[in-house]
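Counting from 1 along the sequence shown, just add 93 to a position and that's the residue number in our numbering.
Glycine included, every Cβ here is placed at the ideal spot set by N, Cα and C.
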Amino acid sequence: MPFGYVSPEQEMRDKADFARKGIARGRSVVVLQYENGILFVAPNASRALHKISEIYDRIGFAAVGKYNEFEALRLGGIRYADINGYTYDRSDVTARGLANLYAQSLGMVFTESRKPYEVELVVAEIGDAPEDDQIYRLTFDGSVTDEHGFVVMGGVADTVAGRLKERFRQGMPLTEALDAGLAALTEPGGERPPVSQLEVAVLDRTREHRKFQRLTGGRLERLLAATAPSAAPSTEPKAGAGEAAKPEGDSPATAPEGEIDTGSVD
């Protein structure tokens with residue numbers, strides 16, 4: 094056996110471990126269905142480097158990992174969508190077609206290059222009804238998974254997915270879906286991220302023409318205010334005739350807003 098020989102099986106395992114470690118260093122991204130579409134939520138302190146983007150009329154893209162690598166994939170997807178939409182018909186551009194394109198690219202890089210891409214992707218397409226929505230998750234080796242309801246990738250994805258599973262339900266309104274996503278991304282007892290460190294977008298089936306919309310500024314602040322604990326109605330019983338009224342100072346305090354990791358877009 095030649096000195097330095099590495100079996101193909103060991104080489105693939107080493108590449109997979111390398112990619113997983115790189116992806117786990119980033120912050121998790123949550124994609125979930127809500128009443129009128131698909132919601133994307135990502136902690137992101139950068140205003141210039143986006144984890145969430147639009148690919149085509151009804152198709153959104155989310156990614157975690159190395160920015161330069163998933164940005165190259167995003168741009169390739171946009172070119173594919175533009176060429177096929179112009180050559181054939183706009184309805185021929187689908188999330189399934191994009192997922193197949195990305196799977197081929199990621200699989201080729203994983204098998205033929207010494208260094209695999211350190212990325213995970215979600216390609217989501219909104220349908221005319223919730224049952225027509227499509228969400229595809231792609232991993233660094235080109236594997237494709239057809240997801241339903243929600244998907245979490247990057248960071249401590251399994252832990253975040255467990256928290257989201259406890260809150261997720263079909264047909265949630267946008268405010269409830271955003272609250273579920275933020276709760277999943279926040280450690281128990283931790284503080285919610287401020288608006289300046291959140292990237293939020295939707296594919297909204299009720300919008301005309303372009304379905305993709307970023308939620309920023311005042312609208313996002315109002316949505317976050319609606320999800321705050323202080324917005325929930327009080328369930329504390331009122332003092333009756335035969336019981337003493339509680340002192341005003343005993344009312345529970347609302348949870349303060351907090352900060353989030355201000356690291357890179359990974």
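Give me the DSSP bridge partner(s) of residue i.
| i | result |
| --- | --- |
| D297 | G130 |
| T238 | R230 |
| Q306 | V295 |
| S146 | F154 |
| V288 | Answer is none; V288 lacks a bridge partner. |
| F243 | L125 |
Residues in its own chain within less than 8 Å of residue i by CB, not counting five upstream and five downstream?
| i | result |
| --- | --- |
| E336 | At E336 the pLDDT is 44, less than 50, meaning the model places this residue with poor confidence; the figure from the coordinates comes in the next sentence. None. |
| T268 | L316, A319 and T320 |
| D185 | N177 and G178 |
| V253 | S121, V123, V245, A277 and L278 |
When you compare the CB positions of residue i and residue j, do they come within less than 7 Å of one another, or not?
| i | j | result |
| --- | --- | --- |
| I145 | F133 | yes |
| A156 | V212 | yes |
| A188 | Q227 | yes |
| I131 | G158 | no |
| G235 | A196 | yes |
| G247 | V123 | no |
| G169 | L191 | no |
| E292 | N137 | yes |
| E128 | G220 | no |
| T200 | L296 | For clarity, residue 200 is Gly in the given sequence; the question names Thr instead. For G200 and L296, no; Cβs fall outside 7 Å. |
| R262 | L275 | no |
| E218 | R151 | yes |
| A411 | R312 | Past the boundaries of the shown model lies residue 411; the chain is included only from 94 to 359, so the question cannot be answered. |
| A270 | R260 | no |
So residue i is in the alpha helix (DSSP H); what residue range does that whole segment cover?
| i | result |
| --- | --- |
| V216 | Segment V212 to E218 is the beta strand (DSSP E) holding V216; no alpha helix (DSSP H) there. |
| M201 | A188 to E205 |
| M105 | P101 to A117 |
| V253 | A250 to R260 |
| E269 | L267 to L278 |
From what residue to what residue does the beta strand (DSSP E) around residue i run?
| i | result |
| --- | --- |
| G153 | I152 to G158 |
| L60 | Only positions 94 to 359 of the chain appear in the structure, and residue 60 is not among them; the question remains open. |
| S361 | A question about residue 361 goes unanswered here, because the residues of the chain that appear run from 94 up to 359. |
For residue i, which residues from the same chain have a beta carbon less than 6 Å from its beta carbon, with the 5 sequence-adjacent residues on both sides left out?
| i | result |
| --- | --- |
| D110 | none |
| R256 | A277 |
| Q103 | none |
| T238 | R230 |
Cβ-heavy atom distance between residue i and the ligand GTP below 6 Å?
| i | result |
| --- | --- |
| V134 | Summarising the ligand content, the structure contains no ligands, and the ligand GTP is consequently not present. |
Got a sec? Which residues, its chain only, sit under 7 Å from residue i by beta carbon, not counting five neighbours each side?
| i | result |
| --- | --- |
| Y203 | Before going on, a small fix: residue 203 reads as Phe here, not Tyr. Excluding positions up to five away in sequence, the list reads K108, P209, F233, D234 and G235. |
| R300 | Q306 |
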